[in-house]
Amino acid sequence: MATTTVQKTSSLFSPPNAQQWHELSVDQTFQAVETTAEGLSSQEHQRRLEKCGPNGLPTSDSDAWYVTLAKQFRSPMVLFLAVAAVVTAVLQEWFDVLVIALVLLLNASIGFWQARKAERDVKALQELSAPTATVIRAGEQSQIPASDVVPGDVLYLESGDQIAADVRILESNGLQVDESMLTGEAMAVSKHDEVLEADISLGDRINMGYSGTLVISGRARGVVVATGTDTELGHIAELVSTESAKTPLQILTDQLERNIAYVILGVAILTFISSLIMGTTIGDTFLITVALVVSAMPEALPIVLSVAMGVGVSRMAKHRAVVRQLHSVETLGSTTVIGSDKTGTLTVNRMTVEQLWTPDAGTVTISGENREELEDYTAAQTQCLRTGALTNDAVPAAEGDRDGADADSEGTDSEGSLLDLIGDAVDVAMAVSGLESEQVTSQERGQTSMASMPYEPELAHSQTIRTDPDGTAVLHAKGAPETILDFCTVDEETAHKARKAVSEMAHRGLRVIATAHRQIADDELDELVEEFENSQAPRPTGMKLSGLQAMMDPPREGVEDAIAQCREAGVHVMMITGDHPTTAAAIADRLGLAPTQTTSSRHSEAQSVITGTELAELSDPELVQRLPQITVAARMSPQDKLRVVKVLQEQDKIVAITGDGVNDAPALKAASIGVAMGESGTDVAREASDVVLTDDNFVTIVEAVRQGRITFSSIRKATFFLLSNGLAALIAVAVNTFTELPLIFLPVMLLFMNVVTNGIQDIALAFEKGEGDELDQSPRPRSEGVLNRTMWLRTVITGTWMGVGTLLVYRMAHEAGLELDHCRTLALITMVMFNFFQVFSARAERQSVFRLNPFSNPLLLISALAALGLQWLASSWEPIADLIGLTALSVTEWLMCTAIGSTVLLIVEGEKLVRRLAHRGSADG
Numbered sequence: 001m002a003t004t005t006v007q008k009t010s011s012l013f014s015p016p017n018a019q020q021w022h023e024l025s026v027d028q029t030f031q032a033v034e035t036t037a038e039g040l041s042s043q044e045h046q047r048r049l050e051k052c053g054p055n056g057l058p059t060s061d062s063d064a065w066y067v068t069l070a071k072q073f074r075s076p077m078v079l080f081l082a083v084a085a086v087v088t089a090v091l092q093e094w095f096d097v098l099v100i101a102l103v104l105l106l107n108a109s110i111g112f113w114q115a116r117k118a119e120r121d122v123k124a125l126q127e128l129s130a131p132t133a134t135v136i137r138a139g140e141q142s143q144i145p146a147s148d149v150v151p152g153d154v155l156y157l158e159s160g161d162q163i164a165a166d167v168r169i170l171e172s173n174g175l176q177v178d179e180s181m182l183t184g185e186a187m188a189v190s191k192h193d194e195v196l197e198a199d200i201s202l203g204d205r206i207n208m209g210y211s212g213t214l215v216i217s218g219r220a221r222g223v224v225v226a227t228g229t230d231t232e233l234g235h236i237a238e239l240v241s242t243e244s245a246k247t248p249l250q251i252l253t254d255q256l257e258r259n260i261a262y263v264i265l266g267v268a269i270l271t272f273i274s275s276l277i278m279g280t281t282i283g284d285t286f287l288i289t290v291a292l293v294v295s296a297m298p299e300a301l302p303i304v305l306s307v308a309m310g311v312g313v314s315r316m317a318k319h320r321a322v323v324r325q326l327h328s329v330e331t332l333g334s335t336t337v338i339g340s341d342k343t344g345t346l347t348v349n350r351m352t353v354e355q356l357w358t359p360d361a362g363t364v365t366i367s368g369e370n371r372e373e374l375e376d377y378t379a380a381q382t383q384c385l386r387t388g389a390l391t392n393d394a395v396p397a398a399e400g401d402r403d404g405a406d407a408d409s410e411g412t413d414s415e416g417s418l419l420d421l422i423g424d425a426v427d428v429a430m431a432v433s434g435l436e437s438e439q440v441t442s443q444e445r446g447q448t449s450m451a452s453m454p455y456e457p458e459l460a461h462s463q464t465i466r467t468d469p470d471g472t473a474v475l476h477a478k479g480a481p482e483t484i485l486d487f488c489t490v491d492e493e494t495a496h497k498a499r500k501a502v503s504e505m506a507h508r509g510l511r512v513i514a515t516a517h518r519q520i521a522d523d524e525l526d527e528l529v530e531e532f533e534n535s536q537a538p539r540p541t542g543m544k545l546s547g548l549q550a551m552m553d554p555p556r557e558g559v560e561d562a563i564a565q566c567r568e569a570g571v572h573v574m575m576i577t578g579d580h581p582t583t584a585a586a587i588a589d590r591l592g593l594a595p596t597q598t599t600s601s602r603h604s605e606a607q608s609v610i611t612g613t614e615l616a617e618l619s620d621p622e623l624v625q626r627l628p629q630i631t632v633a634a635r636m637s638p639q640d641k642l643r644v645v646k647v648l649q650e651q652d653k654i655v656a657i658t659g660d661g662v663n664d665a666p667a668l669k670a671a672s673i674g675v676a677m678g679e680s681g682t683d684v685a686r687e688a689s690d691v692v693l694t695d696d697n698f699v700t701i702v703e704a705v706r707q708g709r710i711t712f713s714s715i716r717k718a719t720f721f722l723l724s725n726g727l728a729a730l731i732a733v734a735v736n737t738f739t740e741l742p743l744i745f746l747p748v749m750l751l752f753m754n755v756v757t758n759g760i761q762d763i764a765l766a767f768e769k770g771e772g773d774e775l776d777q778s779p780r781p782r783s784e785g786v787l788n789r790t791m792w793l794r795t796v797i798t799g800t801w802m803g804v805g806t807l808l809v810y811r812m813a814h815e816a817g818l819e820l821d822h823c824r825t826l827a828l829i830t831m832v833m834f835n836f837f838q839v840f841s842a843r844a845e846r847q848s849v850f851r852l853n854p855f856s857n858p859l860l861l862i863s864a865l866a867a868l869g870l871q872w873l874a875s876s877w878e879p880i881a882d883l884i885g886l887t888a889l890s891v892t893e894w895l896m897c898t899a900i901g902s903t904v905l906l907i908v909e910g911e912k913l914v915r916r917l918a919h920r921g922s923a924d925g
């Protein structure tokens, strides 16, 4: 980022005695921010606005295009090629200069367009700020730009408002706020003004409202305690605005390029000095040195990296994973830890009624695991489902702007389409349950109720009066089990069974809602309806307990198997969520996210779950000890998530983090790879991420891990192919320098071979589909380079063999008295044939190439044959042959070069066989 413009607020006020705002009473809050319930005067507001500055978030600018372009020439490989171009220009080898310049231009163009993707993270955060706010000034309501809100302002909040700043709630009338962007919790949070205890997480601070969150229902007043960068949203913006770290692949390729550059520089200097000592002219010495640099330089490597990752991007997109950062394709493949959000990723992000308890039938499971197919419903089960569906404000998505209970009709669409409901998650779940079981119809739900009282958090229940199909007026009520039981006439045994069922369901992480009903006599109906209309809904009495409905956001199909696959692939999976620990642990248990140790002890289970409060009490070394056992991290703040990521990375872990809310953005950006949700995710999360899942499904991540491993394997194979050929050319040129023979290759010959013939074959390796055992392998150690020890040894063996073989052909041709161009052509074609067979052996790192279908990568077969055709054309067509310095060969000479070149295939496949036999022997032993 080039420049940064920050709209920074000065924190005028802070809670006394190191307390936090949620710990203060309303009066203490007024005193701390020096205001009253009447709000600020215009003069005081202006003074504070000048002191604090606008209520906004930081903005940043991208680098200028020319700065980005200049950065593309910082690579050691690029610098070496640039120097080689200058030297060849001095020597007036203009064709060589042109070829080198084209290579440089191609590399810079690819890097430039990749780098120009704008950093929009903080901009997306800024767009979350509410455009306007309703404030109380000197006792009068007025609407002002949200940027003018200052600490001490009193905000008036109502349904549909986006909260403009962090506020301490002064009074609440059924206020419910969607804080999922900050906490990740799907359920709306009921707010009130009571003082809370000190050490509680942000998700439990129900007397606070936070900037950027959305009021779902109700009304409230709150006093502003923080604006701009002092808000929770502002703290997240500061965390997100840090620069992204390089991906593991970028680190490895940078290191590889530096090592290659150092080796080439050393050999070039040694060769240059040796040539001068041997009496070679300065012009020829420069030419030899340039040839040596060009021969060893893998010019196609940057292009191959981009192509391999581009292929990976395309393949992941087909599996619903959209890659935003090209280098991130491989990072998923080397991931050792996946920290996954719960809601919408591991679960379906839709509350579903799973169990039904009634006094006459006990507990039955109606959806999810162990589902029971009920052919006939008991009277109590029917009534329980009907009450849940009729005392309900959920409406069809197309009618979301209407009041659910008072809607004239739900339309005449099919039942299936009407199951697409919106509203409170609990209401939607109970409405769908009633409709799917056919205990209530959509038309019946759409009829206007005779009277209703919406859910009030203080009363913990809702009521409605409906007319049954037989014309009977019925009072329905649903709400917290203890509240509903108090309304009911029920014997001790039934009450005990109900409470036991509630306890068992809650222990499994289910949310439990009780339902009750009673018929209304004709002589009391009018009076009761009038009381509802006068907003004086009576406390229900004499109700009959219908039953209990227990619900949860169930796991997605296939996630359990995906987590098992991750474990087999050596990847540790953690659930990191803002949800309640009981809910998170219940989902984790169903997904097989059990303690990593094979024990069922309570101690082990306790060690596998950690909360944000517990996390804060651990030092980093203590956290390092706990992390391998942790499978569930609940009630996690953005800072908590970020700390977990950084501690894991300090242990050389490759960390993938998934998320969809603003609270996930810092961790998404700091992670080795951030994976955002495409369907349910916020713009902030997507902009901070490297990969976006279009289906929000954890199963997609596992496929992306496999594709990431295939991508790295392709890069490794291509790198091996290029470096072994580069080493062969380096040996041929360097060793030949210390003989009496003329220069074995001109620089332009090597450039043509490296960029044109080898380049198209190497690129084709990027399209390999993998060896099929990618998820059976452990993650690649972070300390391991692009090439591991096995591949480096294979590179040295094959490079040496090809280099020596090429030198022998050159010497025999020279001793046979052939012309210099003829000798060089024979040497070059021998090297080309070595490359032709080498590219096929490079298709598999572990398997024998003879077991692979030669047509499974048709592009490789075509490119290898095309490379031979281009080389034949370059040596046979006189205009090109004269430019490069080649001559035509006979069929016999081509066959001889082919026979020599094929020996490299036997060398590589022999080495693979020895390794497979050694591995099998160690496994048997």
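Letter 809 of the sequence shown, counting from 1, is numbered 809 in UniProt numbering, and no numbers are missing.
Backbone N, C-alpha and C define an ideal beta-carbon position, used for all residues, glycine too.
Classification of residue i by the beta-carbon crowding that lies within 10 angstroms, buried from 16 upward
i	result
Thr-489	exposed
Arg-590	buried
His-572	buried
Ser-778	exposed
Lys-500	exposed
Leu-860	buried
Asp-408	With a pLDDT of only 34 at Asp-408, under the threshold of 50, the placement of this residue in the model should not be trusted; the figure read from the coordinates follows. When all chains shown are included, Asp-408 counts as exposed.
Phe-850	exposed
residue 978	Only positions 1 to 925 of the chain appear in this structure, which leaves residue 978 out of reach.
His-461	buried
Asn-835	buried
His-140	The identity of residue 140 in the sequence shown is Glu, whereas the question assumes His. Exposed, since its Cβ has fewer than 16 Cβ neighbours within 10 Å.
For residue i, the residue or residues it bridges with in DSSP
i	result
Asn-835	Per DSSP, none; premise fails for Asn-835.
Ser-142	Val-135
Val-322	Val-692
Met-453	Gln-463
Thr-358	Gly-362
Glu-171	Arg-221
His-543	First, the residue type needs correcting, since residue 543 is Met and not His in the sequence shown. Partner(s): Cys-488.
Ile-673	Ala-656
Thr-611	Ala-634
Tyr-156	Arg-221
Gly-728	Checking the sequence shown, residue 728 turns out to be Ala, not Gly. Answer is none; Ala-728 lacks a bridge partner.
His-327	Per DSSP, none; premise fails for His-327.
CB-CB length for residue i against residue j, believed under 8 Å
i	j	result
Met-677	Ala-685	7 Å
Ile-862	Ala-874	Incorrect: roughly 18 Å between the Cβ atoms, too far for contact.
Ser-856	Leu-905	18 Å between Cβ atoms; not a contact.
Chain D contact for residue i (CB, 7 Å cutoff)
i	result
Thr-36	Annotation note: the requested chain D is absent from the structure, which comprises a single protein chain.
Three-state secondary structure assigned by DSSP to residue i
i	result
Ser-778	coil
Gln-847	coil
Leu-905	helix
Leu-750	helix
Gln-519	strand
Glu-372	coil
Arg-511	strand
Pro-151	coil
Lys-478	strand
Task: Segment contact flag, the segment 433-442 with the segment 450-460, C-beta cutoff 8 Å, min 3 pairs - done: no
Task: the segment 337-344 touching the segment 361-381, judged by at least three CB pairs closer than 8 Å - done: no
Open item on the list: Contact between the segment 688-697 and the segment 741-749 is defined here as three or more beta-carbon pairs at a separation below 8 Å; is this criterion met?
Closed with: no
Open item on the list: Counting beta carbon pairs with one atom in the segment 156-175 and one in the segment 202-218, are three or more of them shorter than 8 Å?
Closed with: yes
Open item on the list: For the pair the segment 498-517 and the segment 343-357, tell me if three or more CB-CB distances fall below 8 Å.
Closed with: yes
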